[in-house]
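Residue numbers (the working numbering): 7 to 188.
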């Protein structure tokens with residue numbers, strides 16, 4: 007990924023990675039986005055936008071997989087060890103709907119489980135796209151902002167702590183939800 011981020015066609019690799027990660031591929035686009043933003047600081051916002059759009063389109067592909075082809079991929083989910091996680095995704099959709107997808111889009115939770123799950127659960131497409139745009143956009147523009155303003159030092163910190171930041175967001179979202187319910 008790091009080698010691809012320095013290639014002259016890197017923006018297309020970034021878009022392809024963002025698309026694939028949202029529906030089936032395990033490597034998040036942050037690993038390309040951060041070094042590309044560092045190397046091309048004037049294009050950081052454009053790269054974050056490209057990553058967001060490609061991720062949302064990939065999410066729609068994942069949604070279609072869940073909607074039309076879940077019977078075909080269910081054995082693959084089981085073999086990959088995602089069965090329990092996928093059942094949990096279903097429970098979160100039942101409880102939180104739009105907010106489950108939004109949080110998954112922003113955090114290190116495997117977003118692809120939620121895109122496929124949204125299709126399986128027949129989530130309405132417009133809220134799906136809005137939650138994906140907001141969640142994924144927040145994540146990728148935050149990565150671009152950290153690298154843009156923090157430079158190389160922030161890039162190293164971001165690589166080390168990006169997952170932890172995502173989990174902190176999840177905890178804060180749960181606490182906010184619980185406070186709201188009280």
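C-beta: ideal position from N, C-alpha, C; glycine also.
A Cβ-Cβ contact shorter than 8 Å links residue 50 with residue 150. For the 8 Å CB-CB criterion, residue 73 and residue 92 do not form a contact. The three-state secondary structure of residue 92, taken from DSSP, is helix. Residue 65 is a Cβ neighbour of residue 28, given a cutoff of 8 Å. In its chain, beyond the 5 residues on either side, 72, 73, 76 and 96 have a beta carbon closer than 8 Å to the beta carbon of residue 126. The DSSP-derived three-state label of residue 113 is coil.
DSSP places residue 54 within a helical segment (H, G or I) once states are collapsed to three. Residue 23 is positioned such that its CB atom lies no closer than 8 Å to that of residue 41. For residue 83, the enclosing alpha helix (DSSP H) starts and ends at 76 to 85. Residue 99 sits close to residue 106, with the two beta carbons spaced by under 8 Å. Excluding residues up to 5 positions away in sequence, 24, 28 and 142 lie with their Cβ nearer than 6 Å to the Cβ of residue 61 in the same chain. The shortest C-alpha to C-alpha distance from residue 55 to any of 129, 156 and 139 is the one to 139.
Collapsing the DSSP output to three states places residue 72 in a helix. Residue 34 sits in coil when the DSSP states are folded into three classes, being neither helix nor strand.
Bounds of the alpha helix (DSSP H) holding residue 17 are 16 to 27.
When the beta-carbon positions are compared, residue 53 and residue 17 come within less than 8 Å of each other. DSSP, reduced to helix, strand and coil, places residue 123 within a helical segment of the structure shown.
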